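Residue numbers (my numbering): 81 to 356. We treat Cβ as the ideally placed atom computed from N, Cα and C, and that holds for glycine. Model, not experiment: these values are computed from the prediction. Each remark here refers to the structure printed beneath this line.
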Ligand code: HH2
């Protein structure tokens, strides 16, 4: 399986590590650590040195309760980092829900649009259609970050996530987007309780029936805190375990903060003939 993106056709025969670059003052685990261009670019280089295959740059926190950032502010955070990251020789993804940010990022050569809202804002699909080779990650989210953790409820979380992703996938395909450009993500922590997230993990293989590669983002999330009793800064081991579990269950891309540890773990996992 491949993921076609603007400049790279990513071979997913072995699992790929997407390193998180949050250019934000308020992200849930690393807010304020890389929130100016220079520090964010230094972080990009560090993640590449640690073995990241893809860089994912975001300028708006989506943590539960987060307040949306004005478009001009998000552009000012993301575009200078994107320009620098595009020179580093790996696929660069932009993590945004805003069509204007997608448009401007794609015009500058971004490889992938990673949208936690699955291109549901007006103009988002059109922004992607204007760039016939860019990659897309469509993620499931119930509600929006401001309210999504207020008692999320599902009859069957797997069926509902799967139906949603199929509908968004079918819509893009009907607009002429090649399947190879699209990766799907069940959206761990986005409008889901601990039990919903764990059900998505245990039954992750059922999502493979959608026929597209899966991207999973468990890194440092609160369900790992609930399982281990640990605060966000002590969730490295839990995050690596979750990344390995998701790869074992069929994920082809893992979105992580801790690239070095994840890459090492995947090397050993792969050497054992697991997850590849
Ligand atoms: N999770 C976050 C943000 N973007 N994109 C995808 N495709 N999948 C995810 O699970 C996902 C995502 C939230 O994590 P983080 O970027 O670390 O935090 P914040 O939103 O607070 O910046």
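query: Three-state class that DSSP yields for residue 312 in the structure shown; result: helix
query: Residue 331 (DSSP reduced to helix, strand or coil); result: strand
query: Residue 175 in three-state terms, based on DSSP; result: strand
query: Sub-7 Å separation of residue 137 and residue 162 beta-carbons; result: yes
query: Residue burial classification, residue 142 (beta-carbon count within 10 angstroms, cutoff 16); result: buried
query: N-terminal and C-terminal residue of the alpha helix (DSSP H) that residue 121 is part of; result: 117 to 129
query: Per-residue burial, residue 267 [other beta carbons within 10 Å of its own, 16 or more giving buried]; result: buried
query: Closer than 6 Å: residue 108 CB and nearest the ligand HH2 heavy atom; result: yes
query: Residue 303 beta carbon near the ligand HH2 (any heavy atom closer than 6 Å); result: no
query: Residue 297 Cβ short of 6 Å to the ligand HH2 heavy atom set; result: yes
query: Residues near residue 331 in its chain [Cβ-Cβ closer than 6 Å; skip 5 each side]; result: 294, 296
query: Residue 183 (DSSP reduced to helix, strand or coil); result: helix
query: Backbone secondary structure at residue 230 - three-state DSSP; result: coil
query: Contact the stretch 279 to 293 vs the stretch 245 to 256: 3+ CB pairs below 8 Å; result: yes
query: Continuous alpha helix (DSSP H) stretch holding residue 99: start and end; result: Segment 96 to 102 is the beta strand (DSSP E) holding residue 99; no alpha helix (DSSP H) there.
query: Whole runs of the beta strand (DSSP E) within the stretch 281 to 309, excluding any shorter than 3 residues; result: 294 to 296
query: Residue environment, residue 255, which counts as buried when at least 16 other CB atoms sit within 10 Å; result: exposed
query: Cβ-Cβ distance between residue 302 and residue 337 below 7 Å; result: no
query: Minimum C-alpha distance to residue 95 - residue among 341, 326, 340; result: 326
query: Rounded C-alpha distance that separates residue 235 from residue 276; result: 10 Å
query: Residues of its chain near residue 228, where Cβ-Cβ distance is below 7 Å and the 5 sequence neighbours each way are ignored; result: 144, 221, 222, 270, 271
query: Cβ pair residue 190, residue 216 closer than 7 Å; result: no
query: C-beta atoms of residue 111 and residue 104 nearer than 7 Å; result: yes
query: Straight-line Cα distance separating residue 233 from residue 349; result: 35 Å
query: For residue 237, the nearest candidate out of 160, 168, 281 (CA to CA); result: 281
query: Local Cβ density within 10 Å of residue 147, reported as buried at 16 or more and exposed below that; result: exposed
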